[in-house]
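Heads up, the thing below is written out as structure tokens.
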Amino acid sequence: MSTTAVSKARTFPLVLISSSIGKKFLVAVTGFISFGYIIGHMLGNLQIFAGQNQINMYAEALHSLGPLLWVIRAVLLAAFIIHIWLGLQLKLENMAARPVNYTKQDPQKSKLSGRTMWLTGLMVLAFFVYHVLHFTARTTDARFATLALDAEGRYDVYSMVILGFQQIPLAICYIIAVGLLCYHLSHGLYSMFQSLGLNSSDSNPKLERCAVLLSILIFLGYASIPVAVLAGWVQLPGGGY
């Protein structure tokens, strides 16, 4: 390999994070990775409607992955951090390029969901940290550490979720956070295709509609769980509530 080729290979990662185009590309790629997790996590959570055995079996299957599960978590965490970090950098660069605010904003050219991407992203990040501490690390609710195992000797994720969402303030905050996430996605999904050059003038309207529709479906999927718990449609084993 020539010296020039070696030099280009070494500087390639730096080029990605030093140019606006490279940053947008990485934001899009990490956005797609995060979106894949959001879909997968939702489908896993929705198994609570299939009963205690189903969701506990799903959780046990995940934990049985062992070190591979931690590799997956590390990749997802890295993607999430890069997405937020570079997204904020792009926002700051855009603000620096236009130090004086426009006297009048045209909502047709700049939608609110797009202008507040950095804000909704930070708010979702804050909730994500709490959500991990709550349901994954189980450090925010002492009851989770004393839950009895289910009939198969597995940690009772089913009961944990129900106990968590029986707390009305937490359930409401969860629904609001999911709403912010989906509002973020309603613009972010379309932007990701645009950043990767996968859109066109003909496909743009369809992509925008699909982004909004997917965001609504994701919101309904996630929000249905705390709503079902609060409504008593999903109850603790033995009918307890």
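The sequence shown runs 1166 to 1406 under our numbering. No residue lacks a Cβ here, since even glycine has one placed at the ideal position from N, Cα and C.
Roughly how many angstroms lie between the CA atoms of residue i and residue j, to the nearest whole one?
i: P1334; j: L1395; result: 11 Å
i: A1170; j: S1184; result: Bear in mind that the predicted position of A1170 carries a pLDDT of just 48, short of 50, making it too unreliable to give a figure here.
i: V1399; j: F1214; result: 7 Å
i: M1260; j: N1364; result: 26 Å
i: F1200; j: L1379; result: 11 Å
i: S1278; j: R1374; result: 14 Å
i: H1206; j: A1224; result: 11 Å
i: I1186; j: K1371; result: 24 Å
i: L1227; j: L1241; result: 15 Å
i: A1244; j: F1309; result: 29 Å
i: Q1332; j: G1216; result: 20 Å
i: L1354; j: Y1295; result: 24 Å
i: P1299; j: I1337; result: It should be pointed out that residue 1299 corresponds to His in this sequence rather than to Pro. Cα-Cα distance, rounded: 15 Å.
i: N1369; j: D1315; result: 49 Å
Could you tell me how far apart the beta carbons of residue i and residue j are, in whole angstroms, since I believe they sit closer than 8 Å?
i: L1345; j: T1285; result: 5 Å
i: S1360; j: V1377; result: Between V1377 and S1360 the Cβ distance is about 18 Å, and since that is not below 8 Å, they are no contact.
i: I1247; j: L1191; result: 6 Å
i: I1340; j: A1393; result: No, I1340 and A1393 are not in contact; Cβ-Cβ is about 12 Å, not under 8 Å.
Could you say if the segment 1343-1363 and the segment 1319-1327 meet the contact criterion of at least three C-beta pairs nearer than 8 Å? no
What runs of the alpha helix (DSSP H), each 4 residues or longer, lie entirely inside the segment 1301-1343? 1322-1330
Every unbroken alpha helix (DSSP H) within the segment 1175-1260, with a cutoff of 4 residues, ordered by chain: 1185-1210 and 1217-1228
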